[in-house]
Amino acid sequence: QKEVEQDPGPLSVPEGAIVSLNCTYSNSAFQYFMWYRQYSRKGPELLMYTYSSGNKEDGRFTAQVDKSSKYISLFIRDSQPSDSATYLCAMNSNYQLIWGAGTKLIIKP
Amino acid sequence: DVKVTQSSRYLVKRTGEKVFLECVQDMDHENMFWYRQDPGLGLRLIYFSYDVKMKEKGDIPEGYSVSREKKERFSLILESASTNQTSMYLCASSPGHGNNYGYTFGSGTRLTVV
Numbered sequence: 001q002k003e004v005e006q007d008p009g010p011l012s013v014p015e016g017a018i019v020s021l022n023c024t025y026s027n028s029a030f031q032y033f034m035w036y037r038q039y040s041r042k043g044p045e046l047l048m049y050t051y052s053s054g055n056k057e058d059g060r061f062t063a064q065v066d067k068s069s070k071y072i073s074l075f076i077r078d079s080q081p082s083d084s085a086t087y088l089c090a091m092n093s094n095y096q097l098i099w100g101a102g103t104k105l106i107i108k109p
Numbered sequence: 001d002v003k004v005t006q007s008s009r010y011l012v013k014r015t016g017e018k019v020f021l022e023c024v025q026d027m028d029h030e031n032m033f034w035y036r037q038d039p040g041l042g043l044r045l046i047y048f049s050y051d052v053k054m055k056e057k058g059d060i061p062e063g064y065s066v067s068r069e070k071k072e073r074f075s076l077i078l079e080s081a082s083t084n085q086t087s088m089y090l091c092a093s094s095p096g097h098g099n100n101y102g103y104t105f106g107s108g109t110r111l112t113v114v
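The structure is reproduced here in structure tokens:
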């Protein structure tokens, strides 16, 4: 079993929809939880991070962590075609991040 | 604007060649990382370094080596390139000193070994 599980998609939704992206993990020691966005032919870029449990909001994006269920989510409201990308979750372990496989998101105009 | 720069966007090399991938960061970051990214497999860590002249093996170090002679530069070396090393290679850096989430990535090098 992988330490971090993420559905690779692709996930295709119409413009304006609410998108939910999710990861599950097995290591209860993880404390920082991150979402990275990767556009085609580019490196990943940090989108949001949260420490421990709870919610964090940034514009149209909300990151949610439920440590009791070992489950994290990224919600995108009013999705736009420019949100089309691969979204990777990541969690910290000492010097390293442990990565999900990434979910490819397609927003159809 | 902070940057991680990878020397090449695309490379084509022959089987058996020695290949050097260069990465430079201008943020005075302590930690640097080399990943490869393949469809369906996500990001896999090859090597990382948390200080000059220090290196640690990641999950898939076989067939690779690294060099970090200066803080800003981290090189990945394919000793004898093979076709199964055809991949996207991504370099990243992070501040260190307890900040293990703020990774900055380069744009990647797409390596094809023929």
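Protein chains in written order, with my numbering: chain A, 1 to 109; chain B, 1 to 114. All residues carry an ideal CB built from backbone N, CA and C; glycine is no exception. If you're wondering where the values come from, they're calculated on a predicted model, not measured in any experiment.
Per-residue burial, ARG37 of chain A [other beta carbons within 10 Å of its own, 16 or more giving buried]
Mapped onto the first sequence, residue 37 of chain A falls at position 37. ARG37 of chain A should be labelled buried.
Using DSSP bridges, identify the partner residues of SER68 of chain A.
Taking the first sequence and counting its residues from 1, one reaches residue 68 of chain A at position 68. Paired residues: none, contrary to the question.
Of the residues that make up the stretch 42 to 65 of chain B, which ones have a beta carbon closer than 9 Å to any beta carbon in chain A?
GLY42, LEU43, ARG44, LEU45, PHE48, TYR50, GLU56 and GLY58
Is any heavy atom in the ligand SAM found nearer than 7 Å to the beta carbon of TYR50 of chain B?
In the structure on display, the ligand SAM does not appear, and there are no ligands present to speak of.
Which of helix, strand or coil does DSSP assign to SER82 of chain A?
On the first sequence, residue 82 of chain A is found 82 positions in, with the first residue counted as 1. The answer is helix: DSSP assigns SER82 of chain A an H, G or I state.
In three-state DSSP terms, what is THR83 of chain B?
Stepping through the second sequence from its first residue, residue 83 of chain B is reached at position 83. Helix.
Please check if any C-beta of chain A sits within less than 8 Å of the C-beta of PHE116 of chain B.
Only positions 1 to 114 of chain B appear in this structure, which leaves residue 116 of chain B out of reach.
GLY42 of chain B - DSSP class collapsed to helix/strand/coil:
Translated into the one-based positions of the second sequence, residue 42 of chain B becomes position 42. GLY42 of chain B: strand per DSSP, three-state reduction.
Could you check if TYR10 of chain B is buried or exposed, using at least 16 other CB atoms within 10 Å of its CB as the buried criterion?
As a position in the second sequence, residue 10 of chain B is number 10, starting the count at 1. The residue in question, TYR10 of chain B, is exposed, as its Cβ has fewer than 16 Cβ neighbours within 10 Å.
For LEU21 of chain B and GLU57 of chain A, the rounded distance between their alpha carbons:
For the purposes of this step, residue 57 of chain A is taken as the residue at position 57 of the first sequence. For the purposes of this step, residue 21 of chain B is taken as the residue at position 21 of the second sequence. Approximately 38 Å between the Cα atoms of the pair.
Between which two residues does the beta strand (DSSP E) carrying TYR10 of chain B extend?
Locating residue 10 of chain B in the second sequence gives position 10, where the first residue counts as 1. Where TYR10 of chain B is concerned, the enclosing beta strand (DSSP E) stretches over 10 to 13.
What does LEU90 of chain B touch in chain A if you count any residue whose Cβ is under 8 Å from its own?
Position 90 of the second sequence holds residue 90 of chain B. Here the neighbours are GLY43 and PRO44.
Looking at the secondary structure, which residues open and close the beta strand (DSSP E) in which GLY58 of chain B lies?
Here the question's residue 58 of chain B lines up with position 58 in the second sequence. Premise fails: GLY58 of chain B is in no beta strand (DSSP E) and is neither H nor E.
Looking at ILE76 of chain A and ASP83 of chain A, is the spacing between their C-beta atoms short of 8 Å?
Within the first sequence, residue 83 of chain A is the residue found at index 83, counting from 1. Within the first sequence, residue 76 of chain A is the residue found at index 76, counting from 1. Cβ atoms of ASP83 of chain A and ILE76 of chain A: closer than 8 Å.
Given VAL4 of chain B, which residues of its chain have a CB within under 7 Å of its CB, disregarding the five upstream and five downstream residues?
Residue numbering aside, residue 4 of chain B sits at position 4 when the second sequence is read from its first letter. Here VAL4 of chain B has CYS23, GLN25, CYS91, ALA92, SER93, THR104, PHE105 and GLY106 as same chain residues with Cβ atoms under 7 Å from its own Cβ, once five neighbours each way along the sequence are excluded.
Any beta strand (DSSP E) of 3 or more consecutive residues that is wholly inside the stretch 2 to 79 of chain A
4 to 6, 11 to 14, 19 to 25, 32 to 38, 45 to 51, 54 to 58, 61 to 66 and 71 to 76
Using a Cβ-Cβ cut-off of less than 9 Å, give me the residues of the stretch 55 to 66 of chain A that come near chain B, in sequence order.
none
Can you tell me the Cβ-Cβ gap for LYS70 of chain A and SER28 of chain A, rounded? I've got them flagged as a contact below 8 Å.
Sequence index remark: in the first sequence, residue 70 of chain A carries index 70 (1-based). Sequence index remark: in the first sequence, residue 28 of chain A carries index 28 (1-based). Contact holds; Cβ gap of about 7 Å.
For TYR10 of chain B and chain A, any beta-carbon pair shorter than 8 Å?
Walking along the second sequence from the start, residue 10 of chain B turns up at place 10. With 8 Å as the cut-off, TYR10 of chain B does not count as an interface residue toward chain A.
Does the CB of GLY16 of chain B have a neighbour CB from chain A at under 8 Å?
For the purposes of this step, residue 16 of chain B is identified with residue 16 of the second sequence, where counting begins at 1. By this cut-off, GLY16 of chain B is not an interface position.
Any beta carbon of chain B sitting closer than 8 Å to that of ALA111 of chain A?
With chain A covering only 1 through 109, there is no way to say anything about residue 111 of chain A.
Would you tell me roughly how many angstroms separate the C-alpha atoms of SER65 of chain B and SER80 of chain B, rounded to the nearest one?
Here the question's residue 65 of chain B lines up with position 65 in the second sequence. Here the question's residue 80 of chain B lines up with position 80 in the second sequence. Taking the straight line from one Cα to the other gives about 11 Å.
What does TYR155 of chain B pair with, by DSSP beta-bridge criteria?
Any question about residue 155 of chain B goes unanswered here, given that chain B covers just 1 to 114.
Min CB distance MET34 of chain A to chain B below 8 Å:
The residue labelled residue 34 of chain A in the question sits at position 34 within the first sequence. Cβ-Cβ to chain B under 8 Å: yes for MET34 of chain A.
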